[in-house]
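Trainee: Submitted below is the structure of interest, expressed as C-alpha cells.
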Amino acid sequence: MNIQSLSTEQLQSLEQELTAEYKSFQAQDLKLDLTRGKPSSEQLSLSDSLDGILTGNYKNEDGTDTRNYGGIDGIIEMKRLGAAVLGVEQNEILVGGNASLTLMYQCVLQAYLFGFDGPDSAWNKEEKVKFACPVPGYDRHFSICEAFGIEMVNVPMTDTGPDIEALTDLVKSDPSVKGIWCVPKYSNPTGIIYSDETVAAIAGLANIAGPNFKVFWDNAYIVHDLVANPGTLANVMASAKEQGTQDSILQFCSTSKITHAGAGVAFLNATEKNLATFKKSLGIATIGPDKINQLRHAILLPNMDALAAHMRKHAEILKPRFDLVLSALQEAFGDNDLGSWESPEGGYFISFDTQPGLAKEVVSLAGQAGVKLTPAGATFPYGEDPNDQNIRIAPSVPTLQEVESAMQIFVNCVKLATVRKALA
Ligand SMILES: Cc1ncc(COP(=O)(O)O)c(C=O)c1O
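Just so we're aligned, residue 271 is where the sequence shown starts under my numbering, counting upward by one.
Below, the structure is given as C-alpha cells:
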C-alpha cells in the first residue's frame, strides 16, 4: 500500500474499508494488553524450585550463615555468577537486593549528593547537571533524572546504538553533561545491540567529558537471547580499562527476567574504588542484602551453563510471541513506508515507528478497540516524543492467540491513522 500514489477516491474507499474492519474489532469487546515488559506466569514458573531449594541449609560455601546480618556486597557464589555474566572481575561486583533499578537510583544519588570522589565531586556542586539520553529509551531511567532535576538531552538511536557523532559532540561541547543511560544489549525498546565501535566510544567518553562523568550501563538483557547464535556485545569495562576510563563505568544487571521478577537478585559492577565509596553510603542505609535469596539463586543457577539452559527455556516461551509480532508487521508494512521497526534477537520489546505525528493517534485508536499499548511518548524524556512516532510493543504476557489478535488490531489502527492523515 503506497499511500502517496492513491487518489482521493481510492483513499476514501480504503478509509471506509479500514473503518468497517476497525468497528468489527470494537464489536468483539476484547481486552488485550501489550504494555507490560514483564515475564508471563509461565516464565515465572520456570524458577519455582527456588521455593524450598535450601532445604534448611542456610550456610554458603564460605560458611556464612545467610540468615544473619552483614555481607554488604553479597555472597561469594553470586559475586562469581555476576562476574561471569558481565565478564568482569569478581572484586568489582556488588550483589544487591531484588532490583537493579534501586542500584541505579542509589548510584545517581551517590554521584549527585555525595560524589564518587569526595564532596567536591558531587554533581550538586554544579550549576546545571545534564544527562545524555539515547532515545527511544527506558522510561524509568528518565524518571530517575527527573526526580533529581537532571536535564535530559535526547541523542537519537541508530541500529548500532546511540548516534556516536551526536553523542561525542554533545559530551565534548557541554561539560555539564555528567552521565548517559545505556541499555546496550537488546536495547529497551529498539532491541538492537550496540556495535563494538559504539561500546568503545562510550567507554571512552570520560576522556572528552567534563569531570565526574559516569556511564550508566544497564545490561538488563545481557543473557536474554531468543536465537541460537545471537549478536555479541563488547565488554564495556574491558574497553574502559584500555582507555583509562574505568572509574566512569557503572554497570548493572539482575535476575529479574531470569527468575522471579519481584524477588530476584541485582548486580552492580564498578571499580574497587567506586565500590568502596558506594558501600560506605549503602552501609548507612542497610546492614546487608537478603543473602538467603542470593543463596537460593546460587543453587538454582550455579554457573553459566545452568544459566544458559534456563534462558533457553525462557526463549522457547518468548520467541513465538516475537515471531508473531514481527510477521504481522512484515506482512502489513514490509512493502510500504507506513512504519519501520527492528527485529530483535532478544530482550522484551519491539519498537515500531509510525509515520511522524501518528503514534498518539494509533495508541488511542488501539485503546478504543481493546488493545492497550504503552502511552506514546513514554519512551522519551518528559514523555515527549518530538516526532510522535514511537510505539513500544511488549508481547511477553499475552497468550499467542492474544498477541495475534492484538497485532491484527494494531495493524488496522496504523493503516487507519495513516490513511485518515493523508485525507485530512
Ligand atoms: C532496561 C531495563 N533496566 C532495568 C529494568 C528493571 O530491572 P530490575 O527489575 O532489576 O530493577 C528493566 C525492566 O523492565 C529494564 O527494561
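C-beta: ideal position from N, C-alpha, C; glycine also. From a predicted model like this one, the values you see are computed outputs, not experimental measurements.
#1: Verify the contact flag: LEU538, CB atom, against every heavy atom of ligand 1, threshold strictly below 7 Å.
#2: Taking only the alpha-carbon atoms, compute the straight-line gap between GLY344 and ILE557 and give it to the nearest angstrom.
#3: Classify PRO614: buried if its beta carbon has 16 or more other beta carbons within 10 angstroms, exposed otherwise.
#4: Answer with buried or exposed for VAL641, where buried requires no fewer than 16 other C-beta atoms within 10 angstroms of its C-beta.
#5: Hey, how far is the Cα of PRO656 from the Cα of ILE620?
#6: Using DSSP with H/G/I as helix, E/B as strand and the rest coil, what is PRO651?
#7: Which partner residues does PHE622 have in the DSSP bridge list?
#8: Between which two residues does the alpha helix (DSSP H) carrying LYS685 extend?
#9: State the Cα-Cα distance for the pair THR547 and GLN360, rounded to the nearest angstrom.
#10: How about ASN660: is its Cβ closer than 7 Å to a heavy atom in ligand 1?
#11: I want to know whether the stretch 460 to 471 touches the stretch 330 to 338 - three or more CB-CB distances under 8 Å.
#12: Work out the CA separation of LEU496 and GLY461 for me, nearest whole Å.
#13: Report yes if the CB atom of ILE519 is closer than 8 Å to the CB atom of MET507, and no otherwise.
#14: Helix, strand or coil: which one does DSSP assign to THR428?
#15: Let's test the definition: count the other Cβ atoms within 10 Å of the Cβ of MET574 and tell me whether it reaches 16, buried, or not, exposed.
#16: Jot down the residue ranges of each uninterrupted beta strand (DSSP E) in the stretch 386 to 418, minimum 3 residues, whole runs only, in chain order.
#17: Look at SER310 and SER666 and say whether their C-beta atoms are less than 8 Å apart.
#18: Can you pull the DSSP bridge partners for ILE450?
#19: Taking only runs that begin and end inside the stretch 534 to 572, name each unbroken alpha helix (DSSP H) of 4 or more residues, in chain order.
#20: Can you list, in chain order, the residues of its chain with a C-beta nearer than 6 Å to that of LYS583? Leave out the 5 residues immediately preceding and following it.
#21: Say the cut is 7 Å; is the CB of ALA297 nearer than that to a heavy atom of ligand 1?
#22: Taking 7 Å as the cut-off, is the C-beta of VAL453 nearer than that to any heavy atom in ligand 1?
#23: Check whether the Cβ atoms of VAL441 and PRO426 lie closer than 8 Å to each other.
#24: For GLN313, which residues of its own chain have a beta-carbon under 6 Å away from its beta-carbon, when the five flanking residues on both sides are left out?
#25: Return yes when at least one heavy atom of ligand 1 lies under 7 Å from the C-beta of SER317, else no.
#26: Out of GLY616, GLN282, ALA297, ASN660, state which residue places its alpha-carbon closest to the alpha-carbon of ASN499.
Mentor: Per the coordinate set shown:
#1: Walking along the sequence shown from the start, residue 538 turns up at place 268. Checking the Cβ of LEU538 against ligand 1 gives no.
#2: Within the sequence shown, the letter at position 74 stands for residue 344. Within the sequence shown, the letter at position 287 stands for residue 557. When rounded, the distance between both Cα atoms is 11 Å.
#3: Position 344 of the sequence shown, counted from the start, is the residue given in the question as residue 614. With 16 or more other Cβ atoms within 10 Å, it is buried.
#4: The count along the sequence shown starts at 1 and reaches residue 641 at position 371. Classification for VAL641: buried.
#5: As a working mapping, residue 656 is identified with position 386 in the sequence shown. As a working mapping, residue 620 is identified with position 350 in the sequence shown. Their Cα atoms are separated by approximately 20 Å.
#6: Walking along the sequence shown from the start, residue 651 turns up at place 381. Here PRO651 sits in helix by DSSP.
#7: Here residue 622 refers to the residue found at position 352 when the sequence shown is read from its first residue. Looking at the DSSP assignment, PHE622 forms a beta bridge with TRP611, ILE661.
#8: Taking the first residue of the sequence shown as position 1, residue 685 is located at position 415. Counting along the chain, the alpha helix (DSSP H) containing LYS685 begins and ends at 670 to 693.
#9: One-based indexing of the sequence shown puts residue 547 at position 277. One-based indexing of the sequence shown puts residue 360 at position 90. Going by the C-alpha atoms only, they are around 17 Å apart.
#10: The residue labelled residue 660 in the question sits at position 390 within the sequence shown. No, ligand 1 has no heavy atom inside 7 Å of this Cβ.
#11: no
#12: In the sequence shown, residue 461 corresponds to position 191, counting from 1. In the sequence shown, residue 496 corresponds to position 226, counting from 1. Rounded to the nearest angstrom, the two C-alpha atoms are 11 Å apart.
#13: Numbered from its first residue, the sequence shown carries residue 519 at position 249. Numbered from its first residue, the sequence shown carries residue 507 at position 237. Yes, the pair counts as a contact, with Cβ atoms nearer than the cut-off.
#14: Translated into the one-based positions of the sequence shown, residue 428 becomes position 158. Of the three classes helix, strand and coil, the one that applies to THR428 here is strand, per DSSP.
#15: Position 304 of the sequence shown, counted from the start, is the residue given in the question as residue 574. Result: exposed.
#16: Unbroken beta strand (DSSP E) runs of no fewer than 3 residues, entirely contained in the stretch 386 to 418, are found at 400 to 405, following chain order.
#17: In the sequence shown, the residue the question calls residue 310 occupies position 40. In the sequence shown, the residue the question calls residue 666 occupies position 396. One thing to note: SER310 has its Cβ within 8 Å of the Cβ of SER666.
#18: Residue 450 sits at position 180 when you count from the first residue of the sequence shown. ILE450 pairs with ALA402, VAL485.
#19: 542 to 555, 561 to 570
#20: Locating residue 583 in the sequence shown gives position 313, counting from the first residue. These residues qualify, in order along the chain: LEU316.
#21: For the purposes of this step, residue 297 is taken as residue 27 along the sequence shown, with counting starting at 1. No - ligand 1 has no heavy atom lying nearer than 7 Å to the Cβ of ALA297.
#22: By 1-based counting over the sequence shown, the position of residue 453 is 183. Answer for VAL453: yes, Cβ within range of ligand 1.
#23: By 1-based counting over the sequence shown, the position of residue 441 is 171. By 1-based counting over the sequence shown, the position of residue 426 is 156. For VAL441 and PRO426, no; Cβs fall outside 8 Å.
#24: On the sequence shown, residue 313 is found 43 positions in, with the first residue counted as 1. Sequence-distant partners of GLN313 (beyond 5 residues in either direction) whose C-beta falls short of 6 Å from its own C-beta, in its chain, are HIS584, ILE587.
#25: For this step, residue 317 is matched to residue 47 along the sequence shown. Not so, every heavy atom of ligand 1 lies at least 7 Å from the Cβ.
#26: Indexing the sequence shown from 1 puts residue 499 at position 229. That would be GLY616, whose Cα lies nearest to the Cα of ASN499.
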